[in-house]
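Below is one structure, written out as structure tokens; the observations come after it.
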Amino acid sequence: MTTTVAAPTTGSAPLAEAKVRRSWTQHGLLFVAPFLLVYLAFLVWPTLLGLRMSLSSVNIAGSNDRLVGFANYAEAFGDPRMWRSLWNTVVFTALSTVPLVLLGLLFALLVHNLRFMQWLWRLSFFGPFLLPSAVVSILWLRMIYPPDFGLLNGSLGTDILWLGDPGLAMWSMVLTTVWWTVGFNFLLYLAALQSIPQHLYEAAAIDGASAWDKLRAITLPMLSRTTALIVILQLLASLKVFDQIYLMTGGGPEDATRPIIEYAYDMGFTSYRIGYASAVSYILFVLIVVVSLVQLRMFRKREEASS
């Protein structure tokens with residue numbers, strides 16, 4: 095008696111695998127559909143609408159909406175007030191990024207090595223970051239910077255116009271911003287320090303390494319990825335500065351602290367030129383994209399060279 099064995103069908107397995115993959119894809123799209131709808135409605139569509147506005151002469155009332163091509167961009171590039179506000183933004187970014195990164199690292203190292211009341215120091219450094227920008231602005235405007243009864247002048251024995259002097263106003267805004275936001279970088283560095291394997295330090299101690307040697311050979315290299323993230327986030331946040339400057343100085347004195355976002359705000363909601371304000375906003379958008387790509391490329395090359 096002979097038994098006949100049916101030959102396996104070669105096309106059934108790929109068909110079944112494709113069907114399962116298609117089913118997973120459909121279910122996955124169903125789960126992400128709510129996010130995609132929100133993302134399209136509140137990010138993609140406003141971005142495209144703003145780009146269209148930057149190519150038109152629309153005002154705040156929605157009238158006179160006609161396409162003017164790149165006329166708004168040409169006007170912006172020829173406007174000295176736009177360049178001044180862009181320069182103020184770059185200066186603020188350069189002055190604030192370095193201390194925010196270095197102080198965040200320093201505070202994290204200090205707290206990480208403390209053996210008592212760590213919760214108090216964590217709260218002390220991170221607490222100001224939880225305050226709204228309006229509270230921070232009123233605090234420094236009413237209590238720290240007043241020339242006659244402010245805490246800063248009282249401590250130094252001076253009567254300096256910290257926010258009224260064009261040469262000091264930007265430095266004053268940087269000081270306020272560093273005090274307010276350094277806690278975020280501090281928290282990221284502290285979390286990264288706690289994730290470094292302890293056996294690396296124990297092996298270094300056996301080899302006779304000093305505290306400086308451990309910092310230079312173990313801690314800083316292990317924090318390189320965190321540093322890259324913090325630098326990129328800090329650059330983006332500083333380039334988008336608006337709240338505290340608008341509330342404390344209004345861009346003054348003599349436009350010494352006016353950032354480009356405030357300039358776009360004034361053009362759109364004071365001069366009612368929405369099209370021109372959109373063009374200025376997209377100039378800043380391109381600058382942020384370029385800075386982000388350059389930073390990512392630099393850190394990637396550094397990682398490749400170290401590996």
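With my numbering applied, the sequence shown covers 95 to 401. For every residue, glycine included, the Cβ atom is placed at its ideal position computed from N, Cα and C.
In DSSP terms, what residue i is bridged to
i	result
S150	L161
For residue j and residue i, believed in contact at Cβ under 8 Å, the rounded distance
i	j	result
F223	T275	6 Å
Q338	S231	5 Å
V162	S150	6 Å
L381	L333	7 Å
L145	Y376	7 Å
D242	D253	7 Å
Beta-carbon gap between residue i and residue j smaller than 8 Å
i	j	result
Y370	E111	no
L282	T320	yes
S372	M147	yes
A331	A263	no
V374	A399	no
W256	L246	yes
F201	F280	yes
I355	L323	no
W234	T187	no
V272	L197	yes
Alpha carbon of residue i to alpha carbon of residue j, nearest angstrom
i	j	result
P353	V185	10 Å
W306	A299	12 Å
V192	N182	16 Å
M95	V126	Caution applies to M95, whose pLDDT of 47 falls short of 50 and renders its modelled position unreliable; the value that the coordinates give is listed next. Cα-Cα distance, rounded: 58 Å.
L137	Y295	46 Å
V383	V325	14 Å
Y133	D159	26 Å
S117	L124	11 Å
Q288	P174	48 Å
V336	W265	The sequence given here places Phe at residue 336; Val does not occur at that position. Looking at the two C-alpha atoms, the distance is approximately 15 Å.
L217	D360	37 Å
Q120	P108	18 Å
P226	R115	47 Å
A285	G172	46 Å
S386	R396	15 Å
Three Cβ pairs or more, each shorter than 8 Å: is that satisfied between the segment 357-371 and the segment 153-161? The answer is yes - the segment 153-161 touches the segment 357-371, with three or more Cβ pairs under 8 Å.
Indicate whether the contact test is met: 3 or more Cβ pairs, each with one atom in the segment 195-208 and one in the segment 343-353, closer than 8 Å. Under the Cβ criterion (8 Å, minimum of three pairs), the segment 195-208 does not count as touching the segment 343-353.
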